[in-house]
Every structure is written in C-alpha cells, then in structure tokens.
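Asks:
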Amino acid sequence: MDLVQIGIIRSPYDREGLNKAPRQGQKTVLSEIEIFKAYEAGLQGLEIGQEVLVIYWADQADRTILKARSRATGPIKGVFSLRSPSRPNPILITSCTLVDIKANTLTVAGLEALDQSALIDIKTTIKSPKDK
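Numbered by this note's numbering, the letters in the sequence shown go through residues 1 to 132 in order.
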C-alpha cells in the first residue's frame, strides 16, 4: 500500500505547546491547504462554498492505542467507534467549507489538523436525499 502526500496543511494549531487542535473543527477557524504543483490539476471543478472532506495524516498520534475515553468523561470505547486521532493508521477526515481558492492554495473553515500536517486527499461531500 502506498500513500502519497499531495499537499501541506497550514493551520493555527501549532505542533507544540498549548494551541493543540480541538477534537471537532471550529467552523470559524480558517486554515490553508497548499496542494503541491504536481497535483494542482486535480483542483479543477472545486467551488467556493462547497463542503469538502480533507483527509490527512496525524503523524503525532499514538498508533498503539486501541481504546480511549469518549470525550473527557465518557465511557472507554474502541478507537474505531471514536474520532480519536490515536489509532493504528492515523488517517483523519474532517468536513470543511471551502472559503477561497487561489491557484494551488485552498482556504477552508473547520479543519482540526495540526499545522504542517500532510494532506492525503480532498473529496467533495455527497448530500443525502433528505439534504437536497
């Protein structure tokens, strides 16, 4: 299995210190995603205002944890039933709103990734029939 990093995330959530990313994205917080030039053609058709799934690698996650607490005081559950970044394959997905597109840089609202996280993919969301 081969994954290819297609870009880099620039977010206000630093990799060290107190400003760690929240467990759920804040729709008022903006982040930038730089798509590497080799993958820039893949941006064609994206539109401002669209909901996109940002898929990225949580390189600081603990890959040995299989159980975690649900929220701060909730029950302990298996990581596959949680949004915990700690998991065997720390591939994280956040639904974000596309706020701006400038060449190979996207601005999104609601991303919870740490600054300098590796971007794996971007996909548009699919609306369920009840949402249309």
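A virtual CB, placed ideally from N, CA and C, is assigned to each residue, including glycine.
Thinking C-alpha only, which one of K123, A38, D59 and S84 is nearest A68?
Replies: S84
Asks: State the DSSP-derived secondary structure class of T42, mapped to helix, strand or coil.
Replies: First, the residue type needs correcting, since residue 42 is Gly and not Thr in the sequence shown. If DSSP states are grouped into helix, strand and coil, G42 belongs with the helices.
Asks: Let me know if G7 comes out buried or exposed under the rule of 16 or more other beta-carbons within 10 Å of its beta-carbon.
Replies: Buried.
Asks: Return the first residue and the last residue of the beta strand (DSSP E) that G78 is part of.
Replies: I76 to G78
Asks: Restricting to Cα atoms, I'd like to know which of I126, Q116 and L82 is closest to I35.
Replies: Q116
Asks: From what residue to what residue does the beta strand (DSSP E) around D100 run?
Replies: I91 to K102
Asks: Pick from I33, R15 and A113: whose alpha carbon is nearest that of V99?
Replies: I33
Asks: How many whole angstroms separate the CB atoms of D121 and I55, which I take to be in contact at a CB cut-off of 8 Å?
Replies: 4 Å
Asks: Give me, in chain order, the residues of the same chain whose beta-carbon lies closer than 7 Å to that of I91; leave out the 5 immediate sequence neighbours on both sides.
Replies: The beta carbon of I91 is closer than 7 Å to those of I55, W57 and I120 in its chain, skipping five residues each way along the sequence.
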